[in-house]
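Only one structure is covered here, and it is reproduced in the block below.
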């Protein structure tokens, strides 16, 4: 069974304090790893897709990286508007088109 | 560009009443469609997905059902709601890249 674990569950940062969120996975045949941002009471917003170990993607203050066992979402000099829950999900060879989601990391950036 | 509409945004229903949540997608043809439920502080649980009109796959045995009467319309239903059906329901669509794009969600409270 595919498993996705995100850590930490919650993270509080001061504005400008860089950090990383972790997404570790145990799957059979990774076909893609996805990062989403979710604001309270809203649907998840797509951020990145990573397909192979060593791949990196960047968007503004966010950078996602992928290894064979985990992915990191690095947040550089965060601002209060980066506060949200960040979800990762995996697509595997045994799951048709379904994604398996982690429970998310709730990020709070204090001014 | 593609957009996904989901309504209503909020719903309060008594136990034993029926349910109908609707989701429509614009700007794409033959999308894959998904219904998820998200409990507070938890990840997304896939309930149903559909690869075409009338084709529904159920992931979790439960009190709910789904239908796809038109190419870009996906409906989540129940004949009799239970307290445990309360939650945040999300509709999503994906195309060839298998990136899932989510609607704004419906907050369902069963009292």
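Residue numbers (our numbering), protein chains in the order written: chain A, 12 to 122; chain B, 97 to 207. All C-beta atoms, glycine included, are put in the ideal place defined by N, C-alpha and C. The structure displayed is predicted, hence computed values, not measured ones.
Check	Outcome
Mind checking whether residue 61 of chain A and residue 43 of chain A have CB atoms under 9 Å apart?	yes
Does any CB atom of chain B fall closer than 9 Å to the CB of residue 42 of chain A?	yes
So what's residue 41 of chain A in DSSP terms, helix, strand or just coil?	strand
Select from A:89, A:17, A:19 the residue whose C-alpha is nearest the C-alpha of residue 73 of chain A.	A:89
Between residue 56 of chain A and chain B, is the shortest Cβ-Cβ distance under 9 Å, so that the two count as touching?	yes
Let me see if you follow: with CB-CB separation under 9 Å, is residue 110 of chain A close to chain B or not?	yes
Distance cutoff 9 Å, beta carbons only. Does residue 102 of chain B sit that close to anything in chain A?	yes
Helix, strand or coil, according to DSSP, for residue 192 of chain B in the structure here?	coil
Consider the Cβ of residue 149 of chain B: report whether some Cβ of chain A lies at a distance smaller than 9 Å.	no
What number of angstroms, rounded off, separates the C-alpha of residue 145 of chain B from the C-alpha of residue 169 of chain B?	12 Å
Just curious, the beta strand (DSSP E) that residue 80 of chain A is in, first and last residue?	Here residue 80 of chain A belongs to no beta strand (DSSP E), and DSSP marks it neither H nor E.
Select from the region 66-86 of chain A all residues with a C-beta closer than 8 Å to any C-beta belonging to chain B, and list them in chain order.	none
Taking only three categories from DSSP, how would you classify residue 177 of chain B?	coil
Is DSSP giving residue 165 of chain B helix, strand or coil here?	strand
Using CA atoms only, rank isn't needed, just tell me which of B:107, B:120, B:128, B:163 is closest to residue 195 of chain B.	B:128
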